[in-house]
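This report refers to the structure that appears directly beneath it.
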Amino acid sequence: FTGKPVDGYLANRVVGTKALCAALEQAQEKAESVGFGLLLWDGYRPQRAVD
Numbered sequence: 003f004t005g006k007p008v009d010g011y012l013a014n015r016v017v018g019t020k021a022l023c024a025a026l027e028q029a030q031e032k033a034e035s036v037g038f039g040l041l042l043w044d045g046y047r048p049q050r051a052v053d
């Protein structure tokens with residue numbers, strides 16, 4: 003949507019809300035309980051894109 007990479011886009015981290023963190027933690031615990039895990043491939047969404 004910007005036509006060029008945004009600062010931090012290639013960083014090896016996901017930035018999100020505390021609610022996102024809590025939801026991912028819960029999902030990871032459930033996945034681990036049955037022998038799976040989570041792998042996040044795309045964690046960049048500007049807030050205005052989800053408002």
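Quick note: the sequence shown uses the working numbering, first residue 3, plus one each step. Yeah, the Cβ is synthetic: ideal placement off N, Cα and C, and Gly gets one too.
For Ala-21, the enclosing alpha helix (DSSP H) stretches over residues 20–35. A straight line joining the alpha-carbon of Lys-32 with that of Val-17 spans about 22 Å. Spanning the alpha carbons of Ser-35 and Lys-20 requires a straight line of approximately 23 Å.
Using a Cβ distance threshold of 8 Å, Leu-40 and Leu-22 do not count as a contacting pair. Rounded to whole angstroms, the separation of the alpha carbons of Asp-44 and Gln-28 is 19 Å.
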